[in-house]
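A.B. asks:
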Amino acid sequence: MGYRDVYESWQRDPEAFWMQAAESIDWDRFPSKALFDDNPPFYEWFSDGLVNTCYNAVDRHVEAGNGERVAIIHDSPVTHTKHEITYAELQTRVASLAGALRAKGVEKGDRVVIYMPMVPEALEAMLACGRIGAIHSVVFGGFASSELAVRIDDAKPKAIIAGSCGIEPGRVVHYKPLIDGAIEMAKHKPDFCVIFQRDEEVAELIEGRDFDWHAFQYGTEPADCLPVEGNHPSYILYTSGTTGAPKGVVRHTAGHLVALNWTMKNIYNVDPGDVFWAASDVGWVVGHSYICYAPLIHGNTTIVFEGKPVGTPDAGTFWRVISEHKVRSFFTAPTAFRAVKRQDPTGEFVEKYDLSCLEIVYLAGERADPDTIVWAQEQLGVPVIDHWWQTETGYPIAANPVGLDMLPVKLGSPSVPMPGYDVRILDEGGNPMPQGALGAIAIKLPLPPGTLPTLWNAEDRYLKSYLEHFPGYYETGDAGMIDDDGYLYIMARTDDVINVAGHRLSTGGMEEVLADHPDVAECAVIGVSDELKGQLPLGFLCLNAGCNRPHEEIVSEVVKMVRDRIGPVAAFKLAVVVDRLPKTRSGKILRRTMVSIADGADVKAPATIDDPAILDEMREALATIGYPKR
Numbered sequence: 001m002g003y004r005d006v007y008e009s010w011q012r013d014p015e016a017f018w019m020q021a022a023e024s025i026d027w028d029r030f031p032s033k034a035l036f037d038d039n040p041p042f043y044e045w046f047s048d049g050l051v052n053t054c055y056n057a058v059d060r061h062v063e064a065g066n067g068e069r070v071a072i073i074h075d076s077p078v079t080h081t082k083h084e085i086t087y088a089e090l091q092t093r094v095a096s097l098a099g100a101l102r103a104k105g106v107e108k109g110d111r112v113v114i115y116m117p118m119v120p121e122a123l124e125a126m127l128a129c130g131r132i133g134a135i136h137s138v139v140f141g142g143f144a145s146s147e148l149a150v151r152i153d154d155a156k157p158k159a160i161i162a163g164s165c166g167i168e169p170g171r172v173v174h175y176k177p178l179i180d181g182a183i184e185m186a187k188h189k190p191d192f193c194v195i196f197q198r199d200e201e202v203a204e205l206i207e208g209r210d211f212d213w214h215a216f217q218y219g220t221e222p223a224d225c226l227p228v229e230g231n232h233p234s235y236i237l238y239t240s241g242t243t244g245a246p247k248g249v250v251r252h253t254a255g256h257l258v259a260l261n262w263t264m265k266n267i268y269n270v271d272p273g274d275v276f277w278a279a280s281d282v283g284w285v286v287g288h289s290y291i292c293y294a295p296l297i298h299g300n301t302t303i304v305f306e307g308k309p310v311g312t313p314d315a316g317t318f319w320r321v322i323s324e325h326k327v328r329s330f331f332t333a334p335t336a337f338r339a340v341k342r343q344d345p346t347g348e349f350v351e352k353y354d355l356s357c358l359e360i361v362y363l364a365g366e367r368a369d370p371d372t373i374v375w376a377q378e379q380l381g382v383p384v385i386d387h388w389w390q391t392e393t394g395y396p397i398a399a400n401p402v403g404l405d406m407l408p409v410k411l412g413s414p415s416v417p418m419p420g421y422d423v424r425i426l427d428e429g430g431n432p433m434p435q436g437a438l439g440a441i442a443i444k445l446p447l448p449p450g451t452l453p454t455l456w457n458a459e460d461r462y463l464k465s466y467l468e469h470f471p472g473y474y475e476t477g478d479a480g481m482i483d484d485d486g487y488l489y490i491m492a493r494t495d496d497v498i499n500v501a502g503h504r505l506s507t508g509g510m511e512e513v514l515a516d517h518p519d520v521a522e523c524a525v526i527g528v529s530d531e532l533k534g535q536l537p538l539g540f541l542c543l544n545a546g547c548n549r550p551h552e553e554i555v556s557e558v559v560k561m562v563r564d565r566i567g568p569v570a571a572f573k574l575a576v577v578v579d580r581l582p583k584t585r586s587g588k589i590l591r592r593t594m595v596s597i598a599d600g601a602d603v604k605a606p607a608t609i610d611d612p613a614i615l616d617e618m619r620e621a622l623a624t625i626g627y628p629k630r
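Under full-length UniProt numbering, think of the first position of the sequence shown as 1, with each following residue one higher.
#1: Can you name, in chain order, every residue of its own chain whose Cβ lies under 7 Å from the Cβ of ILE597, other than the five neighbours on each side?
#2: Would you check if there are 3 or more beta carbon pairs closer than 8 Å linking the segment 412-421 to the segment 383-397?
#3: Can you name the residues that DSSP bridges to ASN457?
#4: Please name the residue, chosen from TRP262, ASN544 and MET561, that lies closest to LEU514 on a Cα-to-Cα basis.
#5: Alpha carbon to alpha carbon, what distance is there between PHE140 and THR79?
#6: For my contact list, VAL258 and ALA22 are in at a C-beta cut-off of 8 Å; report their separation, rounded to the angstrom.
#7: Tell me which residue opens and which closes the alpha helix (DSSP H) that TRP284 is part of.
#8: How would you label ASN261, buried or exposed, when you count the other beta carbons within 10 angstroms and need 16 or more for buried?
#9: Closest to TYR115 by C-alpha separation, out of ILE183, GLU68 and ILE85, would be which residue?
#10: When the Cβ atoms of the segment 570-583 are set against those of the segment 130-147, are three or more pairs found closer than 8 Å?
#11: Within the continuous beta strand (DSSP E) that includes HIS136, where are the two ends?
#12: Considering just the uninterrupted stretch of the beta strand (DSSP E) at HIS174, what are its terminal residues?
#13: Out of GLY567, ILE566 and PHE540, which has the shortest C-alpha to C-alpha gap to ILE554?
#14: Checking the sheet assignment: what are the DSSP bridge partners for GLU229?
#15: Using 8 Å as the threshold, is the segment 322-333 in touch with the segment 428-441, meaning 3 or more CB pairs across them?
#16: Nearest-angstrom Cα distance between ARG102 and ARG209?
#17: Is there contact here, the segment 305-318 with the segment 133-153, by at least three beta-carbon pairs under 8 Å?
#18: Going by alpha carbons, who is nearest to LEU445 out of TYR43, LEU411, ILE589 and GLY509?
#19: Would you decide whether LEU532 is buried or exposed? Buried here means 16 or more other CB atoms lie within 10 Å of its CB.
#20: Cα separation between PRO453 and ILE135?
#21: Hey, out of THR346, THR220 and ILE85, whose CA is closest to LEU380's CA?
#22: Cutting at 6 Å between CB atoms, please list the residues of its own chain near VAL500, excluding the five before and the five after it.
#23: Below 8 Å on the Cβ atoms is my contact criterion, and I expect TYR474 with ILE443 to pass it. Report the Cβ-Cβ distance as a whole number of Å.
#24: Roughly how many angstroms lie between the CA atoms of LEU538 and CYS165, to the nearest whole one?
#25: Apply the 10 Å Cβ neighbour rule to GLN435 and answer buried if 16 or more other Cβ atoms are within range, or exposed otherwise.
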C-alpha cells in the first residue's frame, strides 16, 4: 500500500490501524484496545497492555538470535576513540546497571535524572531505567546548575546518573561541579549519584552520596525486565516554556514503542540490521527517539557521535562517519548542514569519501530552507528530505514516507501528514483557512500514540499551553499552510509571523530569499518594533567562508531580492552581517532572544544557548544600524 492508501486506512479505522501496528511489539499482555478515550482530553493508548521498553529494544533481539549484531557504534572524534557494542553485550551491561539501581532502592515509578555526554553509557542508563520501570529524565550535559536544579525540583529524582565531564573541541566541560551546585540549590535532594568517570577527567566523589559507575555495579544481581502498564510513563523530557519555567513532556511506554517502531520502516525506510544515524544529542527529543529508542526497538545499529559538524577535525567529519560505518539513513538538523556548507561550499570534503552506502538524508529541528536542501542534494546525490515534528510529539507529524512510497519532494515543505495526525490550518478564531492561506497549524484530537498525554505534574499547564486556544485541537505553535496537493508548509513559529502595516508576513519566506544569495551561508529574519508600521523585518546574514565583498553591497542585493520576490509590502530594508547567530545547543536559532535585544529589552541568556558571549556580538552588530532605537 502507498501513502494515500495507508493514510486513508488510518482515517477509516484508527483503532484497527494502531492495533495492527501494535502487533510488531512484544507484549507481556496484548492490549484489549488501542485508544482509551474515557477522560478527554487526556487520551491514552494501549493502557491495559503490559510491556517493557528495554525488552523490546534489547532482549528480544538477543532471543531472536541477533545477539552478535552491533547495537551501538560510538564514534568520538573529540577523544579519538571508536568502539562497538553488540546487542548481547548491551543486554549484559544494561541488566547489570538496572540491577545495581534496584539494589540501591530505585523502583517502578521512581525518577532518575541522567546528565551525560554522548557516550553509550547514556543509552545504557536510559534503558536500565526502562528495564525496572523507573522514569528517566535526561538533561543535556553541561546545562547550568540553576537549570538542572529546577528540573531536580520538578522531577524529584531518587538518583542522578552523570558523566564526570563532557568534551568540546579544545576544552573539557566539568560536569561534577555543575551537579554538586545543582543539588545544593535544589530543595529536593537525590538519595545518591552514579558517576561515569571519563579518562579525560576523574571527578572527586562525595562519600556516602556518590558512587563510581563500575564499583556501583560490582557484585549486584542483574535485573530482569519488569512489565509495566501501557500508560506507565517511560520518561520526562523538559522543553523550554514561554514563561521561562520548563515543561516536563511525558511519554507513555506502549504508545512510544508502537509509534517509533512503525516510523523506522515506513518513514526512514531502514530494515533491521541497517545502520541508522541521527546526529543529535541524547539531551534532545531526537536523541531519545532516534539515537536511543527507535533504532534499537527496530533492531538497527545506531551511532552515538561525540563531535561537531565542523571542527572535529573539519567539515568532512559527517562524510567520514557515513562512509566508515556504512550509514544507510542519515538524520541531522539544517543548521548542521549550513555550518558544513559555510566551511566547504563547493563540497571538496564530500569527494574524499565513498558515500555509496547512503540512500537518504532527513532534516528536522527547524525549518529547512530550500537553498540548504538543494546544496546537500547536489553534493550527496541522494534525496534530502525535510520533515517536521516537535518535542511534544516525539516523532514526525509530517514527512515523506519513503518506506511506503517516496512522494515528489517540494522544496520548502516537509511533505504530508503522517497517519495519526489530522492537520488543520486555523485562523485566530479557530475557523478553517482556505488552501494556500497562512494560519495557525493545529492537530485534531486525539493525538496519536507516542505523543504527549500530559505534562509532568502540570495538567492545568498542559491544557493552557496546548489545548485551550483551539478547543478540540492541539495547538502546535507553528504557522503555515496546506497546498492543493495536501503538502504542508511550515512558515514560522506563530510568534514569528510579523505584522507589517496590517499585512501578516512569514519571516521564513523572507529567510528563503536571503538564503538564495550566493554569498549567504546562513540567515535569520526577525520582526522589530516600529512606531509607524507596527513591525519591520530585520535580516541577519552570515557569509560563506572566503567571501570578502563589501557588506553594504551584499545587504543592498538581498534587500532588492526580497523586494523583487515578496514585494514592497514586506518593507524589507534592514539587514546586518554577523559572524554567527545565537543558537541553542541543538542548533535552533534563538529568534525571540534576538527580537528582545533589537527592541532594547533586558535579556537574560537562555539556559539552552550554545555560547552566551554571542549576545554581546549581536548588540554590537545591531548598534551599527541604530538598534535598539533610543
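Don't be surprised by glycine CBs; every beta carbon is placed ideally from N, CA and C.
C.D. replies: Straight from the coordinates:
#1: Mapped onto the sequence shown, residue 597 falls at position 597. Its chain contains VAL603, LEU615, MET618, ARG619 and LEU622 as the residues whose beta carbon lies nearer than 7 Å to that of ILE597, once the 5 sequence neighbours on both sides are disregarded; these appear in chain order.
#2: Short answer: they touch.
#3: Along the sequence shown, read from residue 1 onward, the residue named residue 457 stands at position 457. None, per the DSSP bridge assignment.
#4: What you label residue 514 is simply residue 514 of the sequence shown in a count that begins at 1. Relative to LEU514, the option among TRP262, ASN544 and MET561 whose CA is nearest is MET561.
#5: What you label residue 79 is simply residue 79 of the sequence shown in a count that begins at 1. What you label residue 140 is simply residue 140 of the sequence shown in a count that begins at 1. Whole-angstrom Cα-Cα distance: 19 Å.
#6: Along the sequence shown, read from residue 1 onward, the residue named residue 258 stands at position 258. Along the sequence shown, read from residue 1 onward, the residue named residue 22 stands at position 22. The Cβ separation is near 5 Å, so the contact holds.
#7: By 1-based counting over the sequence shown, the position of residue 284 is 284. That residue, TRP284, is in no alpha helix (DSSP H); it is neither H nor E in DSSP.
#8: Locating residue 261 in the sequence shown gives position 261, counting from the first residue. With 16 or more other Cβ atoms within 10 Å, it is buried.
#9: Residue mapping note: residue 115 aligns to position 115 of the sequence shown, counting from 1. That would be ILE183, whose Cα lies nearest to the Cα of TYR115.
#10: no
#11: Indexing the sequence shown from 1 puts residue 136 at position 136. Segment 135-138, the beta strand (DSSP E) holding HIS136.
#12: The count along the sequence shown starts at 1 and reaches residue 174 at position 174. Segment 171-174, the beta strand (DSSP E) holding HIS174.
#13: Here residue 554 refers to the residue found at position 554 when the sequence shown is read from its first residue. Ranking the options by Cα distance to ILE554, first place goes to PHE540.
#14: Counting from one through the sequence shown, the residue named residue 229 turns up at place 229. Its beta-bridge partners are LEU50.
#15: no
#16: Here residue 102 is taken as the residue at index 102 of the sequence shown, counted from 1. Here residue 209 is taken as the residue at index 209 of the sequence shown, counted from 1. If I take the Cα positions, the gap works out to 16 Å.
#17: no
#18: Translated into the one-based positions of the sequence shown, residue 445 becomes position 445. Comparing alpha carbon positions, the residue from TYR43, LEU411, ILE589 and GLY509 closest to LEU445 is TYR43.
#19: Position 532 of the sequence shown holds residue 532. It is exposed - the Cβ of LEU532 has fewer than 16 other Cβ atoms within 10 Å.
#20: The residue given as residue 453 occupies position 453 in the sequence shown. The residue given as residue 135 occupies position 135 in the sequence shown. Their Cα atoms are separated by approximately 15 Å.
#21: Here residue 380 refers to the residue found at position 380 of the sequence shown. That would be THR346, whose Cα lies nearest to the Cα of LEU380.
#22: If you number the sequence shown from 1, residue 500 lands on position 500. For VAL500, where only same-chain residues beyond five positions count, the Cβ hits under 6 Å are LYS533, GLN535 and ALA571.
#23: The sequence position of residue 474 within the sequence shown is 474, counting from 1. The sequence position of residue 443 within the sequence shown is 443, counting from 1. So it is a contact: roughly 4 Å between Cβ atoms.
#24: The sequence position of residue 538 within the sequence shown is 538, counting from 1. The sequence position of residue 165 within the sequence shown is 165, counting from 1. Going by the C-alpha atoms only, they are around 39 Å apart.
#25: Here residue 435 is taken as the residue at index 435 of the sequence shown, counted from 1. So GLN435 ends up on the exposed side.
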